[in-house]
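The structure appears below as structure tokens.
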Amino acid sequence: MFALVDVNSMYCACESVFRPDLKGKPIICLSNNDGCVIARSASVKPYIKMGAPYFEIQHIIKEKQVTVFSSNYPLYADFSNRFMAVVANLVPQIEVYSIDECFADITGMDALSSWSELGHQLKNDVLQCAHLPVGVGISSTKTLAKLANHAAKTWKKTGGVVDLSSPSRQKKLMAILPVSDVWGIGRKLAKRLNQSGIETALDLSRLPTSQARKLYSVVLERTVRELNGESCLQLEEIASAKQQIICSRSYGHKVMDYELVRQSVCAFAERAAVKLREEKQYCRMVTLWIESSYFTTQQPYHHGHETQALVYPSQDTRDIIQAAVSILERLWQPNMKYSKSGIMLSEFSPSGQIQLNLFESGPRFRHSGELMQTIDHINRNKGSIWFAGQGIQSQAMPWKMKQQFLSPRWTTKFTDIPLVRC
DNA sequence: TCTGGGGTCCTAGGACCC
DNA sequence: TCTGGGGTCCTAGGACCC
């Protein structure tokens, strides 16, 4: 038995915890670079679409007096950890599925209280201890639990908890939900299914598995089985090791200067290397891309990317910066207005050791591990040092992302802790 | 002027091997 | 002149998720 616990409008909820004045008021949160809308409080949903570009909706924001926030990931990550801890405290096992939702294995827990009571307990505890509102969906497979959660969020009268353990209730719900609401059915697949006369989740559940596989894919076959109560997706308690690490950002302003693009590349390479060391991995491949704006009509969209192998698997920032910059030199085109760059690390191994050959003499740097450890340690303990390649922070850095509406890091930064005056 | 970022999995097709 | 069949591995691209 699975429960899916999901925070309602997670980012907006986090923003209002230390701002009681915003309770019930319209709020939106923007993507990195203040690009588009990625979270909306309930009252905003009727008039601002998910993903709407910020600059297009400024008049609505003014008219409706919507409070706007830039993404504050340190804040959201901290609240996410608190939320997961509360849920983990109540159930035998959880799988952290994303920053705002987790699956819980609740098999056998109905011996103590009904599924619905358990759902309400989860909901109340999270609200009380982590100050976040959640919806809970309960059923025999992950896909059905997702569907139950969807229902809990959609219909107020459910009280935010839906027990979808009985097959007859499953059928009733599936009959009224469009197939596009099913987990794993995206835009393209929904369109194809609709064209074959499959409109509702119930229609999909009645597609013979052999046909689902033959006409579509093994993934869809699994979804059909899950909708019929056959559990195909297990709880993955331990997050599997990452296979790639990506660090990429749109620039705050367009950049035509090689030196500035190089700075951004160095900064992203450095950040990616930190993530790599956090994963305790070494990478063999470095991919870099730089691109112009996809939207502008002033020049054709340009996108250059290239992958380079390191001689040795490495987690040394210097190796990764060097590979990235050497790719950049080859990709660079003058007179191009660049608006985004990114780096991807892949082909991981748990250690830097490989078989040497006759012509290689060993890793480039001595004491690499110790140096990286020291740098990471200093940066973790509120120090801040970085490689010179990303420039001096006091200079103008047009590639740095815009964060016009950033809230304080209420819970993770010492100087941002709220003051209470008595 | 201004349009996010970070992932996974699957499939088809090509290269290559015997 | 006639030109097989089975397998693996890799890559690019598509689709999906949040």
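FYI, numbering that gives the first Met the number 0 numbers position 118 of the first sequence as 117, with every residue one higher than the one before it.
Built from N, CA and C at the ideal position, the CB exists for glycine as well.
In this structure, DSSP gives GLN243 an extended state, which the three-state scheme calls strand. Assignment of VAL181 by DSSP, reduced to helix, strand and coil, places it in the coil class. In this structure SER291 is in contact with SER338, their Cβ atoms being roughly 6 Å apart against a cut-off of 8 Å.
Going by C-alpha positions, ASP415 is about 33 Å away from LEU344. One alpha carbon belongs to CYS282, the other to ALA271, and they sit about 11 Å apart.
Cβ contact annotation for TRP288 (same chain, cutoff 6 Å, sequence separation greater than five): HIS304 and GLY341, in chain order. Around the C-beta of GLN297, fewer than 16 other C-beta atoms lie within 10 Å, and the residue is accordingly described as exposed. At the C-beta level, ALA189 and SER204 stay beyond 8 Å of one another. Looking at the DSSP output, CYS101 bridges to VAL4 and VAL95. Three or more Cβ pairs closer than 8 Å define a contact, and the stretch 64-72 meets that threshold against the stretch 404-419. Here DSSP, grouped into helix, strand and coil, assigns ASP256 to coil.
Nearest C-alpha to VAL65 among CYS11, ALA103 and GLU116: CYS11. Taken in chain order, the unbroken stretches of beta strand (DSSP E) that lie wholly in the stretch 281-340 and span 3 residues or more are 281-291 and 302-313. Rounded to whole angstroms, the separation of the alpha carbons of VAL6 and VAL16 is 13 Å. In this structure, the straight-line span from the alpha carbon of VAL254 to that of MET400 is close to 12 Å. Distance check between PHE1 and each of LEU327, ASN334, PHE364 and PRO91 places PRO91 closest, using alpha-carbon atoms only. A check of alpha carbon separations from ILE26 across ILE384, THR222 and CYS13 identifies CYS13 as the nearest. Checking the DSSP bridge columns, you'll see THR199 partnered with PRO177. Excluding five sequence positions before and after GLU235, the CB atoms of its chain that fall closer than 7 Å to its own CB belong to GLU94, given in chain order.
Following the DSSP letters along the chain, one finds LEU29 inside the beta strand (DSSP E) bounded by residues 26-29. For ILE384, there is no enclosing alpha helix (DSSP H), as DSSP marks it with neither H nor E.
Bridge pairing for MET343: ILE245 and THR286 [DSSP]. The count of Cβ pairs closer than 8 Å, one atom from the stretch 306-319 and one from the stretch 362-369, reaches three, so the stretches are in contact. The beta carbon of CYS101 is closer than 7 Å to those of VAL4, MET83, VAL86, ILE93, GLU94 and VAL95 in its chain, skipping five residues each way along the sequence. DSSP, read as helix, strand or coil, puts ALA272 in helix.
With respect to the 8 Å criterion, SER115 and VAL160 are classified as neighbours on the basis of their beta carbons. Comparing alpha carbon positions, the residue from GLU220, GLN194 and ILE245 closest to ALA268 is ILE245. Here the alpha carbon of ARG221 sits roughly 46 Å from the alpha carbon of ASP20. Between ILE377 and ILE384, the CB-CB gap stays under 8 Å. Shown here, PHE68 sits in a strand according to DSSP, grouped into three states. Taking all protein chains shown into account, CYS265 has 16 or more neighbouring C-beta atoms within 10 Å of its C-beta and is therefore buried. For ARG261, the number of other beta carbons within 10 angstroms of its own is at least 16, and it is reported as buried. Beta-bridge annotation (DSSP): CYS35 is paired with PRO52. The way I'd put it, the stretch 206-215 doesn't touch the stretch 116-134; fewer than three beta-carbon pairs between them come closer than 8 Å.
Between the alpha carbons of LYS141 and GLY158 lies a distance of about 21 Å. Annotation for GLY368: the continuous alpha helix (DSSP H) segment containing it runs 367-379.
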